[in-house]
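So the sequence shown is residues 14 to 342, counted in this note's numbering.
The beta-carbon is built from N, C-alpha and C at its ideal position, and this holds for glycine as well.
Okay, structure first, notes after.
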Amino acid sequence: MSKPLLLTLGEPAGIGPDCVLRAWQAEPQQFDDVRIVAPAYWLSERSRLVGIQPSIAQSCDWSAARAQADLHCWNPVSAYGRQRVVPGQPTPATAPMVVDCIRQAALKCLRREARALITAPIEKAVLRTQGFAFPGHTEFLAELAGNPPFAMMLASHQLRVALLTTHLALRAVPDALSVDQTLATLRVVDCDLRRRFRIAHPHLALCALNPHAGEQGHFGHEERDILRPAVREARSLGIDVTGPIAADTLFTVQQRTRFDAIVCCYHDQGLIPLKTLSFGEAVNITLGLPFVRTSVDHGTAVDKVGTDGVRHESLLAAIEMARQLTEQA
Numbered sequence: 014m015s016k017p018l019l020l021t022l023g024e025p026a027g028i029g030p031d032c033v034l035r036a037w038q039a040e041p042q043q044f045d046d047v048r049i050v051a052p053a054y055w056l057s058e059r060s061r062l063v064g065i066q067p068s069i070a071q072s073c074d075w076s077a078a079r080a081q082a083d084l085h086c087w088n089p090v091s092a093y094g095r096q097r098v099v100p101g102q103p104t105p106a107t108a109p110m111v112v113d114c115i116r117q118a119a120l121k122c123l124r125r126e127a128r129a130l131i132t133a134p135i136e137k138a139v140l141r142t143q144g145f146a147f148p149g150h151t152e153f154l155a156e157l158a159g160n161p162p163f164a165m166m167l168a169s170h171q172l173r174v175a176l177l178t179t180h181l182a183l184r185a186v187p188d189a190l191s192v193d194q195t196l197a198t199l200r201v202v203d204c205d206l207r208r209r210f211r212i213a214h215p216h217l218a219l220c221a222l223n224p225h226a227g228e229q230g231h232f233g234h235e236e237r238d239i240l241r242p243a244v245r246e247a248r249s250l251g252i253d254v255t256g257p258i259a260a261d262t263l264f265t266v267q268q269r270t271r272f273d274a275i276v277c278c279y280h281d282q283g284l285i286p287l288k289t290l291s292f293g294e295a296v297n298i299t300l301g302l303p304f305v306r307t308s309v310d311h312g313t314a315v316d317k318v319g320t321d322g323v324r325h326e327s328l329l330a331a332i333e334m335a336r337q338l339t340e341q342a
């Protein structure tokens, strides 16, 4: 039997369970090789709320054969007991279970017992109350993997954007940029586009931080002191990168279609154009890890739990992307 794709539900009171159920209803065959890393009741209770009721099997033993059911859960957190989940109301009581599900799934990927990890969104504020010291999944998974150089990239059919900084206050971004860190990100993006996406000669763009790419220092010095030197060094290593290019023109169709990926300085610089073009259909990919990790492009949306406003397309795209990247590797 082939190794499974692992899917964590994230915040059990959020829309993660809804997305799984709606995705299964839309394309049940997509779950044939997926093992959901969660207690089965997180799904079964939600299934009654949304009126979608697949058969759900659970095993606490990793080595157990996949049951004949529509959805198969592997529950590595049974020792925590059954914690009450109220749809739309995240609670610290389930936070250790959420984190441990992610940890155990990542360890299976690191040991090559699973092909890839797909993650539904977590409620970061709730996890922090229980000692979760990471801005998000990306940084947590990187630490579990031994802190390799990594990058957060979101991809759709129209655009790929990678980030120099991730979950960081805007005022902290300039101080977080450096030549070494920019070069490391360019190298990770170039490497994984070749290795994972099978793009023989990736062409990257580096987005400027300041208006008009700093306009020769009139609007900031980051382009002169950090971004341009990093581009020069990257080119000396054989990386095909252009920039820094001013953000107000880089995302026009004439510009963005020239590049295989655009590397942006901060979160919203990249995600605003990406989500404007492809919201609900994009996939979050962590580059640089020794295993494939994909995720949805949205948050927990606790206000939409149990409603028809939940979209499942990004989860299906994340599953399909994980499958494609592992097949190409």
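- About 6 Å separates the Cβ atoms of R35 and V323, confirming a contact at the 8 Å cut-off.
- Distance from S191 to I135 at the Cβ level is roughly 28 Å; contact not present, criterion being Cβ atoms closer than 8 Å.
- Restricting attention to F147, L263, W75, V99, the CA atom closest to the CA of L120 is found in W75.
- Note on C277: 16 or more other CB atoms within 10 angstroms of its CB, so buried under the neighbour-count rule.
- Within the same chain, C220, A260 come within 7 Å of Q282 by CB-CB distance, once the 5 residues on both sides are set aside.
- Per DSSP, the continuous beta strand (DSSP E) segment holding L84 begins and ends at 84–87.
- Straight through space, the alpha carbons of L123 and H85 are spaced by roughly 21 Å.
- F153 and D46 have their C-alpha atoms roughly 25 Å apart.
- Close CB contacts of I28 within its chain, under the 7 Å cut and outside five residues either way in sequence, are with T313, A314, K317, V318, V323 (chain order).
- A Cβ-Cβ separation of about 7 Å places A155 in contact with L302 under the 8 Å criterion.
- For the set A226, D253, G94, H150, the Cα lying nearest the Cα of P215 is the one of D253.
- Cβ contact annotation for P105 (same chain, cutoff 8 Å, sequence separation greater than five): V139, T142, Q143, in chain order.
- Within the stretch 191–226, the runs of beta strand (DSSP E) at least 3 residues long that lie entirely inside it are, in chain order, 216–220.
- Pairing R207 with L338 gives a Cβ-Cβ distance that is not under 9 Å.
- When C-alpha distances from P224 are compared across Q117, Q71, I258, the shortest belongs to I258.
- The stretch 261–272 makes no contact with the stretch 176–186: fewer than 3 CB pairs, one atom from each, lie closer than 8 Å.
- Straight across, the Cα-Cα distance linking P286 with T320 is about 27 Å.
- Leaving aside the five residues that flank A70 on each side, the residues in its chain whose CB is nearer than 6 Å to its CB run, in chain order, A80, A82, H85.
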